[in-house]
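Per my numbering, the very first residue in the sequence shown carries number 53; after that it's consecutive. Glycine included, each C-beta is placed from N, C-alpha and C at the ideal position. Remember, it's a predicted structure, so these values are computed and weren't measured experimentally.
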Amino acid sequence: MEYASYESILAMIVAVLFAVAGVVNLTGRGAVKRDFARWGYPAWFHLLCGALELLCAALLFGQQTRVLGLTLAGAILVAVLFTLLRNRESFGHLAPALIFSALVVATVVLRG
């Protein structure tokens, strides 16, 4: 019996988290739209972010595309952290982004 590697398991967890974040951004419920507007982004920007997050999730699921998915995840998270820090967001907004970042870094490290 083959067992999944820790890297694969962690990549799947990160993929699911990005998929959830993508759906949340694409649906653009009230708080999402308000946050993006408060940060100075155009009204459609949550759709772009959601689409990129879903693309990232899809890339992370594939073994051959995982490096590209991790690269995209890293780029997304740099932009997220920049936005949150620039706007002096509360720890409540910053904590999930830091956890996502740590999971991506851990996946890259385990990938070797």
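Backbone secondary structure at residue i - three-state DSSP
i, result
"Glu141", "coil"
"Tyr58", "helix"
"Pro148", "helix"
"Thr135", "helix"
"Leu164", "Note on identity: in this sequence residue 164 is Gly, with Leu being the wrong assignment. Three-state result, Gly164: coil."
Own chain, CB closer than 7 Å to residue i, minus 5 neighbours either side, in chain order
i, result
"Leu62", "Leu155, Ala158, Thr159, Leu162"
"Thr123", "none"
Proximity below 8 Å, CB of residue i to CB of residue j
i, j, result
"Phe70", "Ala147", "no"
"Leu133", "Ala67", "no"
"Glu105", "Asn77", "yes"
"Leu136", "Ala127", "no"
"Gly102", "Gly144", "no"
Nonlocal neighbours in the same chain, by C-beta distance under 6 Å from residue i, ignoring five residues either side
i, result
"Phe88", "Phe97, His98"
"Gly121", "Cys108, Leu111, Leu112"
"Gly80", "His98"
The alpha helix (DSSP H) enclosing residue i, as first and last residue numbers
i, result
"Gly80", "Unbroken run through Gly80: none, as it is neither H nor E."
"Ala109", "97-113"
Proximity to residue i [Cα-Cα], best of the options
i, options, result
"Leu100", "Arg118, His145, Tyr58, Ala131", "Ala131"
Own chain, CB closer than 8 Å to residue i, minus 5 neighbours either side, in chain order
i, result
"Leu129", "Ala149, Phe152, Ser153, Val156"
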